[in-house]
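Colleague: One structure is given below, represented as structure tokens, and several questions about it will come after.
2 protein chains.
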Amino acid sequence: MTSPSATQDSYPYQNEPIWSRSEKVIARAAFDAALGRELHEVIQQAKKMASQIQQSSDLWDLEHYLTQRRKEIDRKYDYRYSQLRHVFGKLLHERRLREEDLRGLREDKLKSIRSLAKFLAEDAA
Amino acid sequence: MTSPSATQDSYPYQNEPIWSRSEKVIARAAFDAALGRELHEVIQQAKKMASQIQQSSDLWDLEHYLTQRRKEIDRKYDYRYSQLRHVFGKLLHERRLREEDLRGLREDKLKSIRSLAKFLAEDAA
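Chains as they are written, first to last, in our numbering: chain W, 1 to 125; chain Z, 126 to 250.
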């Protein structure tokens, strides 16, 4: 009761925005759609690489490709609310999401998502 | 000059048989043929698995299969003369080599290769 964290303004993640129930629905759908599209791409690429295997080095190239993509996807698709704005910013930058997929999120969230996407675009330029 | 290892009988690997030039040719051919057949099997299986991928779990099953097979093949195909009798014993046991593939090796080597193959067969039974 006397702990500092019990006072009104001491919510430990006070810089983290709250996600409303409707925002969570929108976020989940956008996240799942982008992940599904990315997995579909990897599946198509793996099928193509496998069909073209002629020698063992092609085989291990396929293994390496799959391992790298799995790790990258694991890192990128992090569905923690504390991470979601970063995730969406990156997906927007990579054109795996469009802004309309995120319609219905609060403007403060959209602003930080757009801001990260813009930063990544400038960083890549 | 006075080191014990310089005396006539102190060859450090005295239990390792010497491989003659003609035996090395036979060993290399048998080894490469078995490895080639095993890689061909993995390639065929990878192509089959890839062609049947429907969802992401199938994709990561393929990655896991390739990683396991690569590690197993790396371990099994060890072309050091100190290891070759073990390698051939295992390949004989797995029916990846036939005794005639090893024809021309000295009888002491064939004996220890057969002996390991027999041990593995009994161990698996």
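Glycine included, each C-beta is placed from N, C-alpha and C at the ideal position.
Keep in mind the model is a prediction, meaning the values are calculated, not measured.
Could you give the distance in angstroms between the alpha-carbon of K234 (chain Z) and the alpha-carbon of R194 (chain Z)?
Modeller: Distance between the alpha carbons of K234 (chain Z) and R194 (chain Z): 28 Å.
Colleague: Does the Cβ of A34 (chain W) have 16 or more other Cβ atoms within 10 Å, making it buried, or fewer, making it exposed?
Modeller: buried
Colleague: If we define contact as Cβ-Cβ less than 8 Å, is S3 (chain W) a contact residue for chain Z?
Modeller: For S3 (chain W), the predicted model reports a pLDDT of 45, less than 50, meaning its position is unreliable; a value from the coordinates is still stated below. Taking Cβ atoms only, chain Z never reaches closer than 8 Å to S3 (chain W), which makes this a no.
Colleague: Check each candidate in W:R114, W:D123, W:L105 and name the one with the smallest Cα separation from V25 (chain W).
Modeller: For V25 (chain W), the closest C-alpha among the options W:R114, W:D123, W:L105 is that of W:L105.
Colleague: Quick check: the Cα distance between A171 (chain Z) and S115 (chain W), rounded to an integer number of angstroms?
Modeller: The straight-line gap from Cα to Cα measures roughly 43 Å.
Colleague: Give a yes or no on whether 8 Å exceeds the smallest Cβ distance from K76 (chain W) to chain Z.
Modeller: K76 (chain W) does not count as touching chain Z.
Colleague: Determine the burial state of E63 (chain W): buried for a count of at least 16 other Cβ atoms within 10 Å of its Cβ, exposed for fewer.
Modeller: buried
Colleague: Please identify the residue among W:D123, W:K48, W:H86, W:L97 whose C-alpha is closest to the C-alpha of D32 (chain W).
Modeller: W:L97
Colleague: For E188 (chain Z), which residues in chain W fall below 7 Å Cβ to Cβ?
Modeller: Here the neighbours are E63, L66, T67, R70.
Colleague: Output needed for L164 (chain Z): all residues of its chain with C-beta closer than 8 Å, excluding positions within five of it in sequence on either side, in chain order.
Modeller: I198
Colleague: Under the three-state reduction of DSSP, which class applies to R114 (chain W): helix, strand or coil?
Modeller: helix
Colleague: Counting only runs that start and end within the region 74–104 of chain W, where is the alpha helix (DSSP H) found for 4 or more residues in a row?
Modeller: Runs of the alpha helix (DSSP H) inside the region 74–104 of chain W: 84–93.
Colleague: Distance check for V212 (chain Z) and D203 (chain Z), CA to CA, integer angstroms please.
Modeller: 7 Å
Colleague: The alpha helix (DSSP H) with Q169 (chain Z) in it runs from where to where?
Modeller: 146–176
Colleague: Is it right to say R205 (chain Z) is buried, meaning 16 or more other beta carbons lie within 10 angstroms of its own, or is it exposed?
Modeller: Here R205 (chain Z) is exposed, its C-beta having fewer than 16 other C-beta atoms within 10 Å.
Colleague: Could you check what DSSP says for R69 (chain W) in three-state terms: helix, strand or coil?
Modeller: The three-state reading of DSSP puts R69 (chain W) in helix, counting H, G and I together.
Colleague: Hey, R210 (chain Z) and I238 (chain Z) are a contact pair by Cβ (cut 8 Å); roughly how many whole angstroms apart?
Modeller: 5 Å
Colleague: Once DSSP output is grouped into helix, strand and coil, what is the label at K121 (chain W)?
Modeller: Rather than Lys, the amino acid found at residue 121 (chain W) in this sequence is Ala. It is helical.
Colleague: Counting only beta-carbon atoms, is I53 (chain W) nearer than 8 Å to chain Z?
Modeller: yes
Colleague: Taking only beta-carbon atoms, is S181 (chain Z) less than 8 Å away from chain W?
Modeller: yes
Colleague: Taking the beta carbon of G89 (chain W) as the centre, do at least 16 other beta carbons fall within 10 Å, making it buried, or is it exposed?
Modeller: buried
Colleague: With a threshold of 8 Å between beta-carbons, can A34 (chain W) be considered close to chain Z, or not?
Modeller: no
Colleague: Taking the alpha carbon of I168 (chain Z) as the point to measure from, which residue in W:R28, W:E41, W:W60, W:I43 has its own alpha carbon closest?
Modeller: W:W60
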